[in-house]
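I have placed the structure first, in the form of C-alpha cells, so that the comments after it can refer back to it.
Protein chains: 2
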Amino acid sequence: MVAGMNASTSPDVGGPTWSADQVGRVAAPLREQVATLVRDAILGFKLQPGQRLVERELVEQLGVSRPTVREVLRQLAAEGLVTVVPQRGAIVTTLTAEDAADIYEMRASLEALAVQRFVQRATPEQVAELRVAVDEIARTADSSDPLDQLQAKDRFYEVLFRGCGSEPLQQTLAGLQARVRLLRATSLAEAGRPAQAAAELSAVVDAVEAGDAERAAAACAAHVQNASRTALARLRAEAEEKAGD
Amino acid sequence: MVAGMNASTSPDVGGPTWSADQVGRVAAPLREQVATLVRDAILGFKLQPGQRLVERELVEQLGVSRPTVREVLRQLAAEGLVTVVPQRGAIVTTLTAEDAADIYEMRASLEALAVQRFVQRATPEQVAELRVAVDEIARTADSSDPLDQLQAKDRFYEVLFRGCGSEPLQQTLAGLQARVRLLRATSLAEAGRPAQAAAELSAVVDAVEAGDAERAAAACAAHVQNASRTALARLRAEAEEKAGD
DNA sequence: CGGACAATATTGTCTGACAGTCTGACGATC
DNA sequence: GATCGTCAGACTGTCAGACAATATTGTCCG
Chain E
1 MVAGMNASTS PDVGGPTWSA DQVGRVAAPL REQVATLVRD AILGFKLQPG QRLVERELVE
61 QLGVSRPTVR EVLRQLAAEG LVTVVPQRGA IVTTLTAEDA ADIYEMRASL EALAVQRFVQ
121 RATPEQVAEL RVAVDEIART ADSSDPLDQL QAKDRFYEVL FRGCGSEPLQ QTLAGLQARV
181 RLLRATSLAE AGRPAQAAAE LSAVVDAVEA GDAERAAAAC AAHVQNASRT ALARLRAEAE
241 EKAGD
Chain A
1 MVAGMNASTS PDVGGPTWSA DQVGRVAAPL REQVATLVRD AILGFKLQPG QRLVERELVE
61 QLGVSRPTVR EVLRQLAAEG LVTVVPQRGA IVTTLTAEDA ADIYEMRASL EALAVQRFVQ
121 RATPEQVAEL RVAVDEIART ADSSDPLDQL QAKDRFYEVL FRGCGSEPLQ QTLAGLQARV
181 RLLRATSLAE AGRPAQAAAE LSAVVDAVEA GDAERAAAAC AAHVQNASRT ALARLRAEAE
241 EKAGD
C-alpha cells in the first residue's frame with residue numbers, strides 16, 4: 001500500500017511523512033484540499049526543491065485519482081511552485097538567487113500598489129483588521145515557532161489583498177505570494193529580522209490609518225527591500241556553503 | 001432574460017465558427033494546442049466575455065477528451081482568461097473598468113522593471129531584435145488589419161520578456177499579458193493610437209540602446225499610462241452605451 | 001401569483017487502459 | 001577494457017465510460 005519503489009527514484013524519499021490519509025469529503029472541492037495539502041508540503045519543505053513529483057506516488061499517498069492529481073499539479077505549476085518538464089513530469093521549483101531578487105522587486109512594486117488601493121478602497125473594518133494582523137505579527141516575532149510567524153504574515157497579506165478590492169491584482173500577487181513564502185522562511189530565520197519586519201509593517205499600517213497612500217506605499221516598498229536584502233544575503237551564503245561541499 | 005444568453009444549446013456542432021476540427025498530433029503536447037486554440041478564441045472575441053464554457057461542448061468541438069479539456073480550463077483560469085465558479089463551471093472572464101485600471105497599473109510597474117532588467121541582461125542581439133520588433137509595430141500602425149497590430153505587439157513583448165532573463169518575472173508578466181491583450185484591442189481601436197504607441201515604444205528602445213535603464217523604464221511606464229488612458233476612456237464610453245440600451 | 005417539487009443539465013471524481021517517450025542498464029562489439 | 005547499441009521498465013499524455021452530487025430549470029399545485 002505504501003510506495004516501496006525499487007531503487008530507481010531518489011532513495012531517500014522515505015515514507016510519505018507529509019501525506020494525509022484523510023481528505024474528507026466536505027463542501028470544498030477535493031482538488032482544492034489536495035492543492036492546499038501539496039502546497040503546504042512544499043512551503044513546509046517536506047517536499048524539497050528539485051524533488052520529483054511522480055503522479056502515481058501522489059495518487060497513492062493522497063488517496064485521490066490521477067486526473068485530480070494532474071489538475072492539482074497544473075494549478076501549482078501556474079502558481080510557480082512546481083515546474084512541469086514535458087514528457088518528464090513535475091518537480092518542485094528551485095529558485096535561484098536571481099529569481100529571488102526579481103521576485104522581491106516585483107513584490108516591492110506590486111505591494112506598494114496594493115497598499116495604495118487598500119487606502120483608497122478598504123472599509124474601516126478592514127483597516128482595523130489590518131492593525132490586528134500586524135499586532136499578531138509583532139506578538140509572534142518572539143515565538144520560537146517559525147510556523148506561527150509565517151501564518152501571521154499570511155493572515156496580514158490575506159487582509160491586505162482582500163481589502164484592495166481588485167481581482168486581477170489579488171490573483172497576481174497571490175501567485176507571487178506563494179513563491180515568496182518559500183523565501184520568507186529564509187529571511188525570517190535571520191536573528192532579529194522578525195521584530196524588525198513587524199516594526200516596518202506597523203509603519204505601513206500607521207500610514208494606512210492616516211490615509212496617506214503615498215507614505216504607506218513607500219513604507220511597504222521599504223519593507224520588502226529590507227526583507228530582500230536579508231534573504232538574498234542568506235541565500236548567497238547558503239549557495240557558497242553548498243559550493244564548498 | 002430568455003433561455004439563451006448563449007446559443008450553445010444548439011445541437012448543430014457542425015459549424016462552430018471558432019473551433020478547429022484538426023489539432024494535428026505533432027510534437028507539442030495536445031493540451032498546449034488546445035489551450036492556444038481556446039485562448040485565441042477568447043482573445044479574438046469569438047468567445048465573448050461572460051459566455052459559459054461547457055465542458056461537454058468543448059469536448060465535442062475540439063475533439064479531445066474531457067480530462068484534457070478540464071486541464072486546459074484550469075490553466076486558462078490560472079492565466080485569468082476564464083473564471084471558474086465552483087459547481088457551475090467556467091465562463092470567459094469579464095473585465096470591469098476597475099480591473100482594467102489595476103491591470104494597467106501593474107503593467108506600468110512590472111514592465112518598467114522588465115525593461116530595466118532587459119537593459120542589464122539582454123545581449124546585443126536581443127536589443128537588435130527589439131528594434132526590429134518596434135519597427136514592425138510602426139509599420140503595421142497604418143495597417144487596417146488590427147490582427148497585424150496585435151501580433152506585432154505580441155512579438156515585441158515576447159522579445160522583451162525573454163531578454164530580461166527572469167523566469168518568475170516572465171511568468172508573472174505573461175499572466176498579465178493575456179488579460180492585457182483583451183484590452184489592447186480596445187485601445188488600438190482608437191484613431192491615431194497605433195501610431196502614437198509605436199512612437200512611444202520607439203522611445204523606449206532608444207533608451208535601451210543607449211543603455212539608460214532609468215529612462216527606458218520611465219518611457220515604458222509612460223507608454224502604458226497612455227494606453228491606459230485611451231483604453232479606459234473607451235471602456236467607460238462603452239459601458240455608458242450599454243447602460244443606455 | 002408565488003412557492004415547492006421534480007426533471008434536467010453539468011460538474012466533480014473515479015476506474016481502467018493504452019500509446020509514446022525518456023532513462024538506465026545490460027550486453028555486444030571493437 | 002571501453003564505447004556503443006539495443007532493450008526493458010517507468011512515467012507521462014491521453015482517451016473512454018460511468019456514477020454521485022449539486023445547481024438550474026420548468027412545472028404543477030395551493
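Top to bottom, those sequences are chains E and A. Taking full-length UniProt numbering, I'd label the letters of the first sequence as residues 1 to 245. Taking full-length UniProt numbering, I'd label the letters of the second sequence as residues 1 to 245. Every residue gets a Cβ at the ideal spot worked out from N, C-alpha and C, and that includes glycine.
Could you tell me the distance, in whole angstroms, from the CA atom of R107/E to the CA atom of D154/E?
For this step, residue 107/E is matched to residue 107 along the first sequence. For this step, residue 154/E is matched to residue 154 along the first sequence. Cα to Cα, R107/E sits roughly 14 Å from D154/E.
Report yes or no: do the region 220–227 of chain E and the region 199–207 of chain E share at least 3 C-beta pairs separated by less than 8 Å?
Below 8 Å, enough C-beta pairs join the region 220–227 of chain E and the region 199–207 of chain E to call them touching: three or more.
* Asked: Can you tell me whether DSSP reads G44/A as helix, strand or coil?
  -> Working through the second sequence from its first residue, we reach residue 44/A at position 44. In the three-state DSSP reduction, G44/A falls in the coil class, being neither helix nor strand.
So, at 6 Å on beta carbons, what are the nonlocal neighbours of L95/E in its own chain, with the 5 sequence-adjacent residues on each side left out?
Start at 1 with the first residue of the first sequence, and residue 95/E comes out as number 95. For L95/E, where only same-chain residues beyond five positions count, there are no Cβ hits under 6 Å.
Q) Is L95/A helix, strand or coil when you go by DSSP? A) Locating residue 95/A in the second sequence gives position 95, where the first residue counts as 1. Residue state, collapsed to three classes: coil.
Helix, strand or coil for A210/E, going by three-state DSSP, please let me know. Position 210 of the first sequence holds residue 210/E. Correct three-state label for A210/E: coil.
Check: Under the rule that 16 or more other beta-carbon atoms within 10 Å means buried, what is R236/E, buried or exposed?
Finding: Residue mapping note: residue 236/E aligns to position 236 of the first sequence, counting from 1. If you draw a 10 Å sphere on the C-beta of R236/E, you find fewer than 16 other C-beta atoms in it, and that means exposed.
*At 7 Å on the CB atoms, spell out the chain E contacts of I103/A, in chain order.*
One-based indexing of the second sequence puts residue 103/A at position 103. The answer, in chain order, is P168.
Whose C-beta lies closer than 7 Å to the C-beta of A114/A among residues of the same chain, with five residues either side of it excluded? As a working note, residue 114/A is residue 114 in the second sequence. So the qualifying residues of the chain are L160, F161, C164, L169, L173.
- If we call anything under 9 Å between Cβ atoms a contact, is A189/A one with D142/A? To locate residue 189/A, count along the second sequence from 1; it is residue 189. To locate residue 142/A, count along the second sequence from 1; it is residue 142. Their beta carbons are not under 9 Å apart, which means A189/A does not touch D142/A by this criterion.
Point to revise | T36/E, buried or exposed, once every other Cβ within 10 Å from all chains shown has been counted against 16 | key: As a first step, residue 36/E must be located in the first sequence, where it is residue number 36. Here T36/E is exposed: its Cβ has fewer than 16 other Cβ atoms, across all protein chains shown, within 10 Å.
Using alpha carbons as the reference points, say which of P29/A, L176/A, A239/A, Q149/A lies closest to Q87/E.
Numbered from its first residue, the first sequence carries residue 87/E at position 87. Taking only the C-alpha atoms, the option nearest Q87/E is P29/A.
Point to revise | Residues bridged to T83/E [DSSP beta-bridge criterion] | key: Walking along the first sequence from the start, residue 83/E turns up at place 83. Note: T83/E sits in a beta bridge opposite I91/E.
Taking 9 Å as the threshold (C-beta atoms), are E79/A and A78/E in contact? By 1-based counting over the first sequence, the position of residue 78/E is 78. By 1-based counting over the second sequence, the position of residue 79/A is 79. Remark: C-beta atoms of A78/E and E79/A approach each other more closely than 9 Å.
*Could you tell me if F156/E is buried or exposed, where buried requires 16 or more neighbouring beta carbons within 10 angstroms of its beta carbon?*
Counted from its first residue, the first sequence places residue 156/E at position 156. Counting the other Cβ atoms within 10 Å of the Cβ of F156/E gives 16 or more, which makes it buried.
Which chain A residues sit within Cβ distance under 7 Å of D99/E?
Looking up residue 99/E in the first sequence gives position 99. By Cβ distance, chain A contributes S166, E167, P168.
Exercise. Sort A101/E, D148/E, R31/E by Cα distance to R179/E and report the nearest one.
Key: In the first sequence, the residue the question calls residue 179/E occupies position 179. The shortest C-alpha separation from R179/E is found at A101/E.
Item to check | When L43/A, D135/A, Y104/A, L73/A are compared against V54/A, the one with the closest alpha-carbon | outcome: Within the second sequence, residue 54/A is the residue found at index 54, counting from 1. Of the candidates L43/A, D135/A, Y104/A, L73/A, the residue whose Cα lies closest to the Cα of V54/A is L73/A.
Residues from the UniProt domain "HTH gntR-type" (28–95) of chain A in contact with chain E, defined by Cβ distance under 7 Å = Answer set for the UniProt domain "HTH gntR-type" (28–95) of chain A: P29, P67, R70, E71, R74, Q75, A78, G80, P86.
If we define contact as Cβ-Cβ less than 9 Å, is Q22/E a contact residue for chain A? On the first sequence, position 22 is the one that residue 22/E refers to. With a pLDDT of 37 at Q22/E, under the threshold of 50, the modelled position of that residue is not reliable, and no figure is offered here.
For the candidate residues V204/A, R70/A, I42/A, R229/A, whose alpha-carbon lies nearest to that of E118/A? In the second sequence, residue 118/A corresponds to position 118, counting from 1. Sequence inspection shows Phe at residue 118/A; the Glu mentioned does not correspond to that position. Nearest of V204/A, R70/A, I42/A, R229/A to F118/A, Cα basis: V204/A.
task = Return the residue from the list L62/A, R139/A, R193/A, A112/A that minimises the CA-CA distance to A215/A.
result = Numbered from its first residue, the second sequence carries residue 215/A at position 215. A quick correction: the sequence has Arg, not Ala, at residue 215/A. Of the candidates L62/A, R139/A, R193/A, A112/A, the one whose C-alpha sits nearest the C-alpha of R215/A is A112/A.
Exercise for review: Measure the C-alpha to C-alpha separation of A133/A and Q33/E and round it to an integer number of angstroms.
Suggested key: Here residue 133/A refers to the residue found at position 133 of the second sequence. Here residue 33/E refers to the residue found at position 33 of the first sequence. Here the C-alpha atom of A133/A lies approximately 45 Å from the C-alpha atom of Q33/E.
>> I'd like the ranges of any alpha helix (DSSP H) spanning at least 4 consecutive residues and lying wholly in the region 85–172 of chain E.
In response: Here the runs fully enclosed are 97–121, 124–140, 146–163.
| task | Using a Cβ-Cβ cut-off of 9 Å, state whether A231/E counts as contacting chain A. | result | On the first sequence, residue 231/E is found 231 positions in, with the first residue counted as 1. Taking Cβ atoms only, chain A never reaches closer than 9 Å to A231/E, which makes this a no.
Where does the unbroken alpha helix (DSSP H) through residue 283/A begin, and where does it stop? The shown model of chain A, from 1 to 245, leaves out residue 283/A, and the question about it has no answer.
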